[in-house]
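Peer 1: Residue numbers (this note's numbering), protein chains in the order written: chain A, 159 to 477; chain B, 0 to 347. No residue lacks a Cβ here, since even glycine has one placed at the ideal position from N, Cα and C. Predicted, not measured: the structure shown is a model, and the values here were computed from it.
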Amino acid sequence: MHRSGFFLTILLATVLLVACTAGGQTLSSLPSPTSLPPTPQSIRLRDGLGTEIELSGAAQRIVSLAPSNTEILFALGAGNQLVGRDSFSDYPSEALQIQDVGGGFGNLDVETIIALQPDLILASPLTAAEQVQGLRDLGLTVFVLPNPLQFDDLYTNLMTVASLTGRIQEAETLIVQLKQRVQSVDEKLSGIARRPLVFYEIDGTDPNAPWTAGPNTFIDMLITRAGGLNFGHDLQGDWVQVSLEEILRRDPELILLGDAIWGGVTVEAVMARPGWGELSAVKNQRVYPFDDNIVSRPGPRLVDGLEALAKLFHPDRFQ
Amino acid sequence: MKAPSTLSFWSARPYLVSGLALALALFFSVAVGAVWIPPQTMARLLAALAVPLDLSDVPPAYRTIVHNVRLPHAILMALSGAALASSGAAYQGLFRNPLADPYLIGVASGAGLGAVIALALRWPATLSGWLVVPLAAFSGALLTVLIVYRLARVNQSLPTTTLILAGVAVSSFATALTSFIMLRSRDELHRALAWLLGGSTVNGWTPVWAAFPYIVTGFLVLWSLGHVLNVLQFGEEQAHQLGIPVERAKLLLILAASLTTAAAVSFSGLIGFIGLIVPHTMRLLWGPDYRRLLPLSALGGAGALLFADLLARVALAPQVLPVGVVTALAGAPFFLWLLRRAKSEFIW
Numbered sequence: 159m160h161r162s163g164f165f166l167t168i169l170l171a172t173v174l175l176v177a178c179t180a181g182g183q184t185l186s187s188l189p190s191p192t193s194l195p196p197t198p199q200s201i202r203l204r205d206g207l208g209t210e211i212e213l214s215g216a217a218q219r220i221v222s223l224a225p226s227n228t229e230i231l232f233a234l235g236a237g238n239q240l241v242g243r244d245s246f247s248d249y250p251s252e253a254l255q256i257q258d259v260g261g262g263f264g265n266l267d268v269e270t271i272i273a274l275q276p277d278l279i280l281a282s283p284l285t286a287a288e289q290v291q292g293l294r295d296l297g298l299t300v301f302v303l304p305n306p307l308q309f310d311d312l313y314t315n316l317m318t319v320a321s322l323t324g325r326i327q328e329a330e331t332l333i334v335q336l337k338q339r340v341q342s343v344d345e346k347l348s349g350i351a352r353r354p355l356v357f358y359e360i361d362g363t364d365p366n367a368p369w370t371a372g373p374n375t376f377i378d379m380l381i382t383r384a385g386g387l388n389f390g391h392d393l394q395g396d397w398v399q400v401s402l403e404e405i406l407r408r409d410p411e412l413i414l415l416g417d418a419i420w421g422g423v424t425v426e427a428v429m430a431r432p433g434w435g436e437l438s439a440v441k442n443q444r445v446y447p448f449d450d451n452i453v454s455r456p457g458p459r460l461v462d463g464l465e466a467l468a469k470l471f472h473p474d475r476f477q
Numbered sequence: 000m001k002a003p004s005t006l007s008f009w010s011a012r013p014y015l016v017s018g019l020a021l022a023l024a025l026f027f028s029v030a031v032g033a034v035w036i037p038p039q040t041m042a043r044l045l046a047a048l049a050v051p052l053d054l055s056d057v058p059p060a061y062r063t064i065v066h067n068v069r070l071p072h073a074i075l076m077a078l079s080g081a082a083l084a085s086s087g088a089a090y091q092g093l094f095r096n097p098l099a100d101p102y103l104i105g106v107a108s109g110a111g112l113g114a115v116i117a118l119a120l121r122w123p124a125t126l127s128g129w130l131v132v133p134l135a136a137f138s139g140a141l142l143t144v145l146i147v148y149r150l151a152r153v154n155q156s157l158p159t160t161t162l163i164l165a166g167v168a169v170s171s172f173a174t175a176l177t178s179f180i181m182l183r184s185r186d187e188l189h190r191a192l193a194w195l196l197g198g199s200t201v202n203g204w205t206p207v208w209a210a211f212p213y214i215v216t217g218f219l220v221l222w223s224l225g226h227v228l229n230v231l232q233f234g235e236e237q238a239h240q241l242g243i244p245v246e247r248a249k250l251l252l253i254l255a256a257s258l259t260t261a262a263a264v265s266f267s268g269l270i271g272f273i274g275l276i277v278p279h280t281m282r283l284l285w286g287p288d289y290r291r292l293l294p295l296s297a298l299g300g301a302g303a304l305l306f307a308d309l310l311a312r313v314a315l316a317p318q319v320l321p322v323g324v325v326t327a328l329a330g331a332p333f334f335l336w337l338l339r340r341a342k343s344e345f346i347w
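In structure tokens:
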């Protein structure tokens, strides 16, 4: 029966093709961290899932599973202790040199993570609890850094990562700087007469019903702290889709395009949207592309986000 | 149907060919991955599964990768593929409809809804609730099928048309609810989407042990009903006249197929096309006898899903594609090609 013969041939061809395209790095070609072990005493901390994690010393081979974690590690000077990072970790640019361990729409590349022989995997709530458990079952140490809700939580997170990586001094210096910058923004904004209504566009793929940030998001927290009034503040849910009619009715003073960075949305494109020309923000040319990464990744760059927002909302206070 | 006359029911050849393909698929699934392992080490790690070997000189990372990542994953994929393909074959026989797939009466949408609800409730992960999503998916799937079954029952019988219509209606409702919940969630959206596209969020041996009993039991029940499925092809009335307890057989078939499918999708995500393509391929290759078609579909489904998964893992490494995307992308054209090739002989 030659049909089954053909079937087998197809199978074999597939097998060969697959075998040829497979590959990756070997254990021997692992990048080795260059930093010195800062403190050789054991570290014991409770993580965001309530699990007590113990390290025999400062982590020297870290895999970061979230862009915010990667940014924190680099900000603390622990970038050279990083041996793997998730696909979304693209800042600072040095992070791109580090082994990618997946984490996109599919799953993490568990094999590569194991081969990197990490002594610490720094995860975030972006990683499913099941997956964290799966990694722990394989004998790996996973610390889940909780999401901060306020700047104080961010400082706590920085200290936590500092303890895990032996970068306490760096963290203390960084926190002082960040606190000063936040305080400086607070001072400049003290006694502001009014808070402009701000529409932060997360996704405007459907211009008749764009997505914005609801309450309990970093974006909402930052807009409020920067002296603005978040359009989605009184709505329900984290990501909210609102109708153009409602936007026209409330007529926000500013429109920030968070989708400019990933969706290529431009001010011109917004002006060309049917109906949007009626908005005061469009008429007064107060539509701005905005780097979404500095307000959505809970790392030290949230302070950059705060400053950028405050300058847009109250330019007169930042001359 | 022009049955391949040279083949008797017990002919070993179809089993040998399918078994060989599955063995090859299993071997490559374990041998190939994002991390390259030297062939010698790989050979010893594989041999160590059968005979006790001293592996103290093998890097522990390699051992973990082969024994605790690739092997359980391959077995889970094989089990899921077998479950989807054999339930697909059973449903096509039961409904006498070549388009029936394992998801026809709501397993997929129910599982999706269960999973998304569990994700949206932000189940206290602190309570080590790490199997919560698969378990919620499993409960959602079975609950949905049960609702469909209850809705479709007319007096003491279960008309096929009513069952399919009830299945479609309940599925649509569950899918709409799933979309609604997903749109209102945030971080969970990403996980839910990955799961719905056929990505598993769990690894290691636990999901294998969790899914194994359901899939094996369900399959054995289906297989034992192979003869009933053969007779059902003449129509329910004839089957009844031939002494087949049609209603009880239907209930058993639906229960068994739902159980295996639910167990598969809960741990491996929603994987399309396997339940449709594999049984038809097997039918085209080896004939329509359900006593043979069911085990062959199981073997073929296991092999096919392993190959699809292999492609998903290596195509964009270190990124991993959801395997459901691969089965749809590769499966549909392959099926069309097969269909055209065998058109002259293809009488369903």
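1) Measuring straight from C-alpha to C-alpha, what distance separates A/Ala-427 and A/Asp-311?
2) Per DSSP, A/Phe-301 forms a beta bridge with which residues?
3) Is it true that the CB of B/Gly-274 sits closer than 7 Å to the CB of B/Val-169?
4) Counting beta carbon pairs with one atom in the segment 355–364 of chain A and one in the segment 413–430 of chain A, are three or more of them shorter than 8 Å?
5) What would DSSP say about A/Phe-309, mapped onto helix, strand or coil?
6) Quick one: measure Cβ to Cβ for A/Leu-478 and A/Leu-316, integer angstroms, because I've assumed they're closer than 8 Å.
7) CA-CA distance, B/Ile-180 and B/Ile-116?
8) Compile a chain-ordered list of the residues in the segment 399–423 of chain A whose CB is closer than 9 Å to at least one CB of chain B.
9) Please identify the residue among B/Val-277, B/Phe-172, B/Leu-48 whose C-alpha is closest to the C-alpha of B/Ala-331.
10) Under a CB-based cut-off of 7 Å, is B/Val-34 close to chain A?
11) Where do the N-terminal and C-terminal ends of the beta strand (DSSP E) with A/Val-221 fall, by residue?
12) Can you check whether the CB of A/Glu-269 is closer than 7 Å to the CB of B/Ile-64?
13) Can you check whether the CB of B/Ala-297 is closer than 7 Å to the CB of B/Phe-137?
14) Report the option in A/Val-302, A/Leu-402, A/Ala-371 whose CA atom is closest to the CA atom of A/Asp-392.
15) Using only CA atoms, which one of B/Gly-111, B/Thr-160, B/Asn-154, B/Pro-206 lies nearest to B/Gly-139?
16) By DSSP's criteria, A/Val-445 is part of a beta bridge. Which residues make up the other side?
17) Taking all protein chains shown into account, do 16 or more other C-beta atoms lie within 10 angstroms of the C-beta of B/Ala-46, making it buried, or fewer, making it exposed?
18) According to a CB-to-CB cut-off of less than 7 Å, which residues of the segment 247–281 of chain A neighbour chain B?
19) Over what stretch of residues does the beta strand (DSSP E) that includes A/Leu-355 continue unbroken?
20) Run through chain A and tell me which residues come within less than 7 Å of B/Asn-67, C-beta to C-beta.
21) Does any CB atom of chain A fall closer than 7 Å to the CB of B/Ile-64?
22) I'd like to know whether the C-beta atoms of A/Asp-267 and B/Gly-203 end up nearer to each other than 7 Å.
23) Is there a C-beta anywhere in chain A that falls below 7 Å from the one on B/Asn-229?
24) Assign A/Glu-465 to one of two classes, buried (16 or more other C-beta atoms within 10 Å of its C-beta) or exposed (fewer than that).
25) Grab me the residues of A/Asp-378's own chain with a C-beta within less than 8 Å of its C-beta, minus the 5 sequence neighbours each way, in chain order.
26) Measure from the C-beta of B/Gly-203 to each C-beta in chain A and report whether the shortest distance is under 7 Å.
27) For A/Asn-227, which residues does DSSP report across the bridge?
28) Work out the CA separation of B/Pro-101 and B/Ile-253 for me, nearest whole Å.
29) Starting from the beta carbon of B/Arg-183, find every residue of chain A whose beta carbon is closer than 7 Å, and list them in chain order.
30) Using beta carbons (cut-off 7 Å, strictly below), is A/Gly-386 in contact with chain B?
31) Can you name the start and end residues of the alpha helix (DSSP H) that A/Glu-404 belongs to?
32) Given a cut-off of 7 Å, decide if B/Ala-255 and B/Ala-77 are closer than it, judged by their beta-carbon atoms.
33) Is A/Gly-292 close to chain B? Criterion is C-beta to C-beta, closer than 7 Å.
34) Exposed or buried, B/Ala-49, counting other C-beta atoms within 10 Å across all chains shown (16 or more means buried)?
35) Can you tell me which of A/Glu-229, A/Arg-204, A/Leu-223, A/Gly-215 puts its alpha carbon nearest to the alpha carbon of A/Asn-451?
36) According to the Cβ coordinates, are B/Leu-320 and B/Ala-311 closer than 7 Å?
Peer 2: According to the structure data:
1) Against the first sequence, residue 427 of chain A aligns to sequence position 269. Against the first sequence, residue 311 of chain A aligns to sequence position 153. Answer to the nearest angstrom: the Cα atoms are 37 Å apart.
2) Here the question's residue 301 of chain A lines up with position 143 in the first sequence. A/Leu-280, per the DSSP bridge assignment.
3) On the second sequence, residue 169 of chain B is found 170 positions in, with the first residue counted as 1. On the second sequence, residue 274 of chain B is found 275 positions in, with the first residue counted as 1. In this structure, B/Gly-274 does not lie closer than 7 Å to B/Val-169 by Cβ.
4) yes
5) Your numbering for residue 309 of chain A matches position 151 in the first sequence. Helix, per DSSP.
6) The requested residue 478 of chain A does not occur in the structure, where chain A is confined to residues 159 to 477.
7) Residue 180 of chain B sits at position 181 when you count from the first residue of the second sequence. Residue 116 of chain B sits at position 117 when you count from the first residue of the second sequence. Approximately 7 Å, taken between the alpha carbons.
8) Gln-399
9) As a first step, residue 331 of chain B must be located in the second sequence, where it is residue number 332. The shortest C-alpha separation from B/Ala-331 is found at B/Val-277.
10) The sequence position of residue 34 of chain B within the second sequence is 35, counting from 1. Output row for B/Val-34: interface = yes.
11) Start at 1 with the first residue of the first sequence, and residue 221 of chain A comes out as number 63. Start and end: 220–222.
12) One-based indexing of the second sequence puts residue 64 of chain B at position 65. One-based indexing of the first sequence puts residue 269 of chain A at position 111. Yes, Cβ-Cβ distance for B/Ile-64 and A/Glu-269 is below 7 Å.
13) Indexing the second sequence from 1 puts residue 137 of chain B at position 138. Indexing the second sequence from 1 puts residue 297 of chain B at position 298. No, Cβ-Cβ distance for B/Phe-137 and B/Ala-297 is not below 7 Å.
14) Along the first sequence, read from residue 1 onward, the residue named residue 392 of chain A stands at position 234. Taking only the C-alpha atoms, the option nearest A/Asp-392 is A/Ala-371.
15) Residue 139 of chain B sits at position 140 when you count from the first residue of the second sequence. Per the Cα distances, B/Gly-111.
16) The residue you call residue 445 of chain A lines up with position 287 of the first sequence. Answer by DSSP bridge pairing, in chain order: A/Ile-413.
17) Within the second sequence, the letter at position 47 stands for residue 46 of chain B. B/Ala-46 comes out exposed.
18) Asp-258, Val-259, Gly-260, Gly-262, Phe-263, Gly-264, Asn-265, Asp-267, Val-268, Glu-269, Thr-270, Ile-272, Ala-273, Gln-275
19) In the first sequence, counting from the first residue as 1, residue 355 of chain A sits at position 197. Element bounds for A/Leu-355: 355–361.
20) Translated into the one-based positions of the second sequence, residue 67 of chain B becomes position 68. Leu-296, listed in chain order.
21) Here residue 64 of chain B refers to the residue found at position 65 when the second sequence is read from its first residue. Taking Cβ atoms only, chain A reaches closer than 7 Å to B/Ile-64, which makes this a yes.
22) Position 109 of the first sequence holds residue 267 of chain A. Position 204 of the second sequence holds residue 203 of chain B. It is not a contact, given that the beta carbons lie outside the stated cut-off.
23) On the second sequence, residue 229 of chain B is found 230 positions in, with the first residue counted as 1. Chain A, which has no Cβ nearer than 7 Å to the Cβ of B/Asn-229, makes this no.
24) The sequence position of residue 465 of chain A within the first sequence is 307, counting from 1. That one is buried.
25) As a working mapping, residue 378 of chain A is identified with position 220 in the first sequence. Cβ within range, chain order: Ala-371, Gly-372, Asn-388, Gly-390, His-391.
26) Within the second sequence, numbered from 1, the residue matching residue 203 of chain B stands at position 204. Yes, B/Gly-203 lies at the interface with chain A (some Cβ there is under 7 Å from its Cβ).
27) For the purposes of this step, residue 227 of chain A is taken as residue 69 along the first sequence, with counting starting at 1. Paired residues: none, contrary to the question.
28) Here the question's residue 253 of chain B lines up with position 254 in the second sequence. Here the question's residue 101 of chain B lines up with position 102 in the second sequence. So the alpha carbons of these two residues sit roughly 10 Å apart.
29) Counted from its first residue, the second sequence places residue 183 of chain B at position 184. Under the 7 Å cutoff, chain A gives Gly-395.
30) The residue labelled residue 386 of chain A in the question sits at position 228 within the first sequence. Not one chain B Cβ lies under 7 Å of A/Gly-386.
31) Stepping through the first sequence from its first residue, residue 404 of chain A is reached at position 246. Looking at the DSSP string, the run of the alpha helix (DSSP H) that includes A/Glu-404 is 402–408.
32) Here the question's residue 77 of chain B lines up with position 78 in the second sequence. Here the question's residue 255 of chain B lines up with position 256 in the second sequence. Contact flag unset, no.
33) Here residue 292 of chain A refers to the residue found at position 134 when the first sequence is read from its first residue. Yes, its Cβ sits closer than 7 Å to a Cβ of chain B.
34) Translated into the one-based positions of the second sequence, residue 49 of chain B becomes position 50. Exposed, by the Cβ-count rule.
35) Within the first sequence, the letter at position 293 stands for residue 451 of chain A. The candidate whose alpha carbon is nearest that of A/Asn-451 is A/Glu-229.
36) For this step, residue 320 of chain B is matched to residue 321 along the second sequence. For this step, residue 311 of chain B is matched to residue 312 along the second sequence. A contact, by the Cβ cut-off of 7 Å.
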